[in-house]
Each structure stands twice: as C-alpha cells, then as structure tokens.
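Here the structure comes first, spelled out in structure tokens, and everything after it is commentary.
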Amino acid sequence: MPRTTPLHLDGDTFRALGHELVERLAEHFDRLPDRAVTAGEGPGQIRAALGADAPLPETGTDPATILRQATDLLVEHSLFNGHPKFLGYITGSPAPLGVLADFLASAMNPNLGAWVLSPMASEIEAQAVRWMADLIGMPGGTGGLLVSGGNMANTVGFWAARAAVGERWAMRARGLGGAAPRLRVYASAETHTWVQKAADLAGLGTDAVRWIETDERLRMRVGALGEALRSDRAAGDEPMMVVGTAGSVSTGAVDPLGAIARLCRDEEVWFHVDGAYGGFAAASPDAPDELRQLALADSVAVDPHKWLYAPLEAGCALVRDPARLRAAFAYHPPYYHFGTEATNFVDIGPQNSRGFRALKVWMQLRQAGRAGYARMISDDIALARRLDEAVEASVDLRVGPGGLSISTFRYVPPELADGEGDDAVEEQLTALNREIQSRMERGGDAFVSNAVVGGRYYLRACVVNIHTSADDIDAIPSIARTLGREIWAERSG
Ligand SMILES: Cc1ncc(COP(=O)(O)O)c(C=O)c1O
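Residue numbering for the sequence shown follows the numbering used here, beginning at 4 and increasing consecutively.
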C-alpha cells in the first residue's frame, strides 16, 4: 500500500495544476508591458491583502485553492523586475526558459553538495561554470561554482584569498590571532558594500579595508594603490587581496584592471575582480577594452542573475587555480561517503546542501549562445547611451556620469540652473530628485534607482533587461520631467 500523506498530490492533479499555472504565467508575461511596474502599495496594504495576521493553519487546505491564491497575490501585488521599464538597481529580467529551468530543477531536487547525490546536475554545473569562464575570457582550467549572488561570489573570492595568504600562519585552524600579521584589503572607494560585509564576517574588521581614491572617471588610482600596499607592508601588515571593479554599482566605472593586475603580480598579492555587474560585458565588443583584463585576475565574481538575465538567485565565483578553493573550503568528515573521481561542490564552496541554480544558467547559455549574449549586452549598452542622448536633448534634465548600461541624470528646474554646485541649491536638487524617485516608484510608470556622485544626487537607469525597447527608453525623460515639474510647482508655491 503506498503511503498517503497530507502533502500528497496525485499525478492527474499535479498535471492539471501545473497546466493552470503555466497558463496564468504565460498570460502574466503577455500582459506585463501594459501594466504598471508596481501597484505602489505600502506595507499596510500588502499585509492586508495577504492576511498577515492569520495564525498558522491547524489543518490543510485544498492545493488548487492555495496555488490560485498564491498566484493572485503575487501577480497583483508584486514589483515586476521583468517589466520593460524596470531599470532600477541591477536586477536582470528573468528569461522565460530560466523560469522553466527552475521548475525542472526543483522537480528533480538534486543535492549538488556531492556528485553522488547529483551526478548529471553536478556535471551540468561544472559545464556551466566552464562556459561562463570562457565567455569572459578566463583561461581553461579555471574553476568555480554557483552561489546565491554577487555578494556571495565575491565573498568566496575573499575567503579563497584569505586561505591562500593565511597558509603561512595556519589561519584556517588558528584564525587571525597569534603571530599572524594584520591582513589588509584594497578596494576603490566605488566598491560595492560586499567588501565590508566580507571583512567583517571573516573577522578582519571593516578597518582592514583600504579605500583607494578614484580619478575623475571614478576608476581606482593605481599609484595610490601602490603607495598603500607599500606603506602597509612597511608597517608590518600583510596585504591579503586587491579588489578591482569591472562595472561599479553606481555608474558602471571599470577600474584599470590591466595595471592593477601587473601591480598585484609584482607585489605578489591576490587580485580579485568584482564583475558582478559588468563581468559578462567582456563578451561584448562594445564594452571598454580594459574590462577584458579581468581575465588576469586570481578570482572573479560574476552574476548570472544580473547580465545573463537568469531568474534570482544565481551568482558565480570563478578562481584561476581551482585548488585554491579546495584549500579554502574542504573538510572530510567521516559521515560523508563521497568519491573523489569528480568534483563534490561541498569541497570548493561554503554551502553543504546546494540547489540546482546552474540549470537555468546552462539552459540560457545554450539558448542564446555566445553571440546571442554579446548582442543582448551590446543592445543594453546602446540603450543606456540612447537614454543619455534623450536626456541631453531634454530641457530641465542634466545627464550625469554613466558607463556600461548605466545612465544617470537629474531634474534641474530652470530657476535653479545657475546655482548647480552651490550647497543650498544642491540640497534642494537632492530633495527634488529623491521625491521624483519616490513618486516614480509608487506610480509604476517606470522604475529607476539613484546614484550619488561627488555629492550630487542622480536618478539612475541600469538596463539589464531583455524586454526594454528604444520606445521604453524614450519615455523615461518625459516621465521624470513631468514628476519634476509637478513637485517643483508644489514646492515653489
Ligand atoms: C558591483 C556589484 N558587486 C556586488 C553586488 C552584489 O550582488 P548581489 O545583489 O547579487 O549579491 C552588486 C549588486 O548590485 C554589484 O553591483
């Protein structure tokens, strides 16, 4: 007698519910361009729609009802980063094939901690990692693994560097105390905040991060980096790693990666590149040449849920010498009976049980191919430059610094145009543009985020979206200007 549990779903019901869900989602994707990016509801409205105060149910509910309610809740009350006018932060629009891949992956439910628990899935992950390394020009033999996103991919590089430098002081066993010198990490002032979290969580403390000044294009000054390395060494500290950024979060700035790589080689310091945003642009002929120098790094973080348009979550840590990952993460407890003829991902990363994030990436890489990705990324870059031009041609809007697929701009009413740079005027402009951003967020016509550069507050559009068209881009300046005029009129009486 087969066992029947409260989670039982017979084959016919599973089939019927699955078909119904796919129908609803196909309809949702079709309707999305004509809907608002978000309904702009506050926490109170969302909690009321959910029934947030309801207690844990004592008994079960019919699965068809639950699935319909969950779909309704999410389709009616979400923010849609797959909307063509979603241009905020850096979140890729999910490719439909990736959505199906996640469904397939969870149905198979392989545990990619160990090869024996996920034979085909582990090999698919290994192949996806090789393909991503190849896409960005890393040498053959590069190793790595999928993680949850950019923060974790960078943190894996960080831990690999720490283990490498710490070998001399047996740091994996003894930690940071004892005879070990103080470890230092070097990153430009534009580096994403992951580096603080990593330094904090790894026990170095955030003071271990040396923030290196940037030039007028917001790129790390390599001269200043060299000075910092040498003066720390002279003081008895140990440089652990240098972080170069291939596409900064605020403006898409690319550090002089070639020069940093040479300095790191001369100084014998681990060179890590944060390519979470821009790394995959190495595949596009329209990215700056400098970006392709990321292939010289010891470790690189890339983020398929950004510019490979994979559904969340998918980050990827790549390490030139895969033995470095094993040296940072492997332990061999007696209760694991895992073979050694293939990679057990538990040995080369921080997670134990691991899901099949790689499937969506692997399927999407096959669907689009290298050429398809190069074209999509180039098109996104071209759309950002188109937005710069549209902004430049608009009265009351000023374009700001932007590279790769980021465009920044701000609303400047004619009455304040002569005072830009003046403290009191800048304060007014910041308040005005913040409010434009808030109203746009709630209104749902489009979604942008912000960048603060040299004390100036800019609205910021980042195109990592396979649905965004030239028409969507052309609509942005007028959406921003209309809100700007409305707010300025309210404020100036
Ligand atoms: C340059 C850079 N690094 C790291 C991250 C963190 O990535 P995630 O949000 O996937 O953890 C981001 C996110 O935008 C980023 O732009």
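Glycine is no exception: its CB is placed at the ideal position from the N, C-alpha and C atoms. This structure is a prediction, so every number in the text was calculated from the model and none was measured.
Quiz item: Smallest Cα separation from I476: which of P416, S408, G140?
Solution: Minimum Cα distance to I476 is reached at S408.
Quiz prompt | Other residues of its chain near M438: CB distance less than 7 Å, five sequence neighbours each side excluded | solution = Looking at the sequence shown, residue 438 is not Met but Glu. Closer than 7 Å at Cβ, skipping near neighbours: I490.
Quiz prompt | Touch test, the region 130-144 against the region 389-397, Cβ-Cβ under 8 Å, three pairs minimum | solution = No, they do not touch.
Quiz prompt | Neighbourhood of M379 by C-beta distance below 8 Å, restricted to the same chain and skipping five residues each side | solution = Within the same chain, M379 has close Cβ partners Y312, A371, I469.
Self-check item: Stretch pair the region 341-348 + the region 153-164: three plus CB contacts closer than 8 Å
Solution: no
Self-check item: Residue of S481, L362, E444, A473 minimising C-alpha distance to Y414
Solution: Proximity to Y414 across S481, L362, E444, A473 peaks at S481, based on C-alpha coordinates.
Practice problem: Say yes only if the C-beta of I93 is nearer than 7 Å to one or more non-hydrogen atoms of ligand 1, and no if none qualify. | Solution: Yes.
Quiz item: Whose C-beta lies closer than 7 Å to the C-beta of T209 among residues of the same chain, with five residues either side of it excluded?
Solution: Q199, A202, D203
Quiz item: Given V119, which residues of its chain have a CB within under 7 Å of its CB, disregarding the five upstream and five downstream residues?
Solution: F341, G342
Exercise. Give the straight-line distance between the Cα atoms of A129 and L432, rounded to the nearest whole angstrom.
Key: 49 Å
Quiz item: What did DSSP end up calling V188 once you bin it into helix, strand or coil?
Solution: strand
Quiz item: Between A231 and the rest of its own chain, which residues show a CB-CB distance below 7 Å, the 5 nearest in sequence each way excluded?
Solution: Y189, R213, I215
Exercise. Find out if the Cβ-Cβ distance for the pair L77, V40 is shorter than 8 Å.
Key: no
Self-check item: Beta-carbon gap between V225 and A262 smaller than 8 Å
Solution: yes
Exercise. Note down the Cα distance separating L562 from I384, rounded to an integer number of angstroms.
Key: For the chain, the structure presents residues 4 to 496; residue 562 sits outside this window and is missing.
Quiz item: Can at least three beta-carbon pairs, one atom from the region 239-252 and one from the region 177-197, be found at a separation below 8 Å?
Solution: yes
Quiz item: Is it right to say S109 is buried, meaning 16 or more other beta carbons lie within 10 angstroms of its own, or is it exposed?
Solution: Here S109 is exposed: its Cβ has fewer than 16 other Cβ atoms, across all protein chains shown, within 10 Å.
Self-check item: Limits of the alpha helix (DSSP H) - the one that P66 falls within
Solution: 66-79
Quiz item: With burial defined as no fewer than 16 other Cβ atoms inside 10 Å of the residue's Cβ, what is the status of A105: buried or exposed?
Solution: It should be noted that the sequence gives Asp, not Ala, for residue 105. The residue is buried, with at least 16 neighbouring Cβ atoms inside 10 Å.
Quiz prompt | Euclidean distance between Cα positions of A256 and L28 | solution = 37 Å
Quiz item: In terms of residues, what are the limits of the beta strand (DSSP E) holding P242?
Solution: Run containing P242: 241-248, per the beta strand (DSSP E) assignment.
Practice problem: Could you check which residue in Y460, R445, M443 has the C-alpha nearest to that of V428? | Solution: Y460
Quiz item: Can we count Y338 as close to ligand 1, meaning its CB is less than 7 Å from some heavy atom?
Solution: no
Quiz item: How about E219 and P259: do their beta carbons lie closer than 8 Å?
Solution: no
Quiz item: Can N154 be considered in contact with ligand 1, in the sense that its beta carbon sits closer than 7 Å to one or more heavy atoms?
Solution: yes
Practice problem: Using 7 Å as the cut-off, classify the Cβ of S251 as near or not near the heavy atoms of ligand 1, replying yes or no. | Solution: yes
Self-check item: Among G458, G446, Q440, the one whose alpha carbon lies nearest that of S452
Solution: With respect to the C-alpha of S452, the residue from G458, G446, Q440 having the closest C-alpha is Q440.
Self-check item: Nonlocal neighbours in the same chain, by C-beta distance under 7 Å from G446, ignoring five residues either side
Solution: G43
Quiz item: Using the beta-carbon count (16 or more within 10 Å), is P17 buried or exposed?
Solution: Looking at the sequence shown, residue 17 is not Pro but Phe. Exposed is the label assigned to F17, since fewer than 16 other Cβ atoms lie within 10 Å of its Cβ.
Quiz item: For ligand 1, is there a heavy atom less than 7 Å away from the beta-carbon of D421?
Solution: Every heavy atom of ligand 1 is 7 Å or more from the Cβ of D421, so no.
Quiz item: Would you call the region 362-377 and the region 265-272 touching, i.e. three or more CB-CB distances under 8 Å?
Solution: Judged by Cβ distances under 8 Å, the region 362-377 makes no contact with the region 265-272, as fewer than three pairs qualify.
Quiz item: Could you check where the beta strand (DSSP E) with V276 kicks off and where it finishes?
Solution: 273-278
Exercise. Could you have a look at S151 and say whether DSSP puts it in helix, strand or coil?
Key: In this structure, S151 counts as coil in the three-state DSSP scheme.
Quiz item: For S121, which residues of its own chain have a beta-carbon under 7 Å away from its beta-carbon, when the five flanking residues on both sides are left out?
Solution: P113, N114, L115
Self-check item: Start-to-end residues for the alpha helix (DSSP H) that takes in L435
Solution: 426-446
Quiz item: Per DSSP, A454 forms a beta bridge with which residues?
Solution: Y461
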